[in-house]
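Notes follow once the structure below has been shown.
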Amino acid sequence: MPELPEVETIRRDLEPLVVGQTVAAVEVDPGTIDLLTDLPIDALRAGLVGRRFVSLGRRGKYLLFGMDDGRTFVTHLRMTGRLVWRKADDPAIEYERGRIALDGGHELRWSDLRKFGTWDIVDDPAEVVGKLGPEPLDEEFTAAFLRKLLAGRTAPVKAVLLDQRRVAGLGNIYVDEALYQARIRPDTAAGEVSRGAVSRLHVACREVLERGIENRGASFSDYVDAQGDPGRQHMYVQVFRRDGKPCYACGAEIVRSVVGGRGTHFCPRCQRRPRRRRSTTS
108 MPELPEVETI
118 RRDLEPLVVG
128 QTVAAVEVDP
138 GTIDLLTDLP
148 IDALRAGLVG
158 RRFVSLGRRG
168 KYLLFGMDDG
178 RTFVTHLRMT
188 GRLVWRKADD
198 PAIEYERGRI
208 ALDGGHELRW
218 SDLRKFGTWD
228 IVDDPAEVVG
238 KLGPEPLDEE
248 FTAAFLRKLL
258 AGRTAPVKAV
268 LLDQRRVAGL
278 GNIYVDEALY
288 QARIRPDTAA
298 GEVSRGAVSR
308 LHVACREVLE
318 RGIENRGASF
328 SDYVDAQGDP
338 GRQHMYVQVF
348 RRDGKPCYAC
358 GAEIVRSVVG
368 GRGTHFCPRC
378 QRRPRRRRST
388 TS
């Protein structure tokens with residue numbers, strides 16, 4: 108699933124291309140009508156055609172196309188969605204489900220193997236993204252904030268980081284990578300993560316996302332950028348999908364387990380379980 112670095116890469120690619128462009132036509136494959144959530148296709152066309160894009164933002168894993176009428180066209184790639192820039196006369200792309208034609212002669216092509224992606228038009232983006240927590244690259248995501256977020260929780264630290272209501276933008280890839288960098292075992296109860304480990308995790312969350320953006324996202328399977336090209340971050344992961352291979356730091360075999368219902372990768376030697384604190388009696 109595309110995470111913050113992948114979606115941010117697409118946003119940066121598309122922003123100079125779509126801002127100032129006016130929507131000329133919209134087409135959606137009838138077999139993918141769920142793409143529109145509860146929005147009928149006629150309402151989507153009425154809301155988009157003739158509208159000019161004035162901004163392109165991102166919040167968490169959502170792309171936010173600001174329009175000249177003050178409303179926002181919101182998209183989410185979900186598991187296998189792709190949004191690519193193509194000339195109007197280019198052939199259809201694989202698993203193409205929708206097209207947004209722009210007056211400059213190009214189109215936004217939507218491809219989605221699993222058909223889980225979504226489009227919507229909202230009066231206020233907060234209707235969709237207002238429930239999201241801060242992003243690790245935000246100023247408000249401090250070590251103190253993270254410490255408070257984890258304190259007292261019995262859920263695995265990985266599960267807490269994946270909860271978009273708590274922290275927005277992190278997904279399976281970058282959580283595994285951040286926990287490895289911070290030397291925290293993913294199934295550790297969040298409340299048992301030490302103060303020092305929380306500080307390391309705070310730094311790691313920021314750094315793995317920044318590296319992901321620098322390397323234009325991770326293309327393990329479906330993700331491509333707005334030009335249809337793969338990213339490079341998958342070539343630099345430390346643990347994600349490296350199960351059975353040696354840890355780059357210590358040589359131990361990377362292990363795959365399931366934490367919070369998600370496939371999880373870690374080094375059993377570098378990411379040891381925390382020692383239980385002994386209770387004392389007077």
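First residue of the sequence shown: 108, per my numbering; consecutive thereafter.
All C-beta atoms in this analysis are idealised placements derived from N, C-alpha and C, irrespective of residue type, glycine included.
Residue of 201, 247, 191, 168 minimising C-alpha distance to residue 185: 168
If you drop the 5 nearest sequence neighbours on each side, which residues of the same chain put their C-beta closer than 6 Å to that of residue 232? 171, 179
So who's on the other strand from residue 394, going by DSSP bridges? An answer regarding residue 394 cannot be provided, because it is not within the stretch 108 to 389 covered by the chain.
Between the C-alpha atoms of residue 394 and residue 131, what's the straight-line distance to the nearest angstrom? The chain is shown only over 108 to 389; residue 394 falls outside these bounds and no answer can be derived.
By DSSP, does residue 295 sit in helix, in strand, or in coil? coil
State the DSSP-derived secondary structure class of residue 300, mapped to helix, strand or coil. coil
Count the other CB atoms within 10 Å of the CB of residue 251; is the residue buried (16 or more) or exposed (fewer)? exposed
Can you confirm whether the region 295-311 touches the region 250-270 when touching is taken to mean that 3 or more C-beta pairs between the two stretches lie within less than 8 Å? yes
So for residue 311, helix, strand or coil by DSSP? helix
Beta-ladder partner(s) of residue 270, from DSSP: Looking at the DSSP assignment, residue 270 forms no beta bridge with any residue, so it has no partner.
Among 230, 113, 203, which residue has its Cα nearest to the Cα of residue 174? 230
In three-state DSSP terms, what is residue 207? strand
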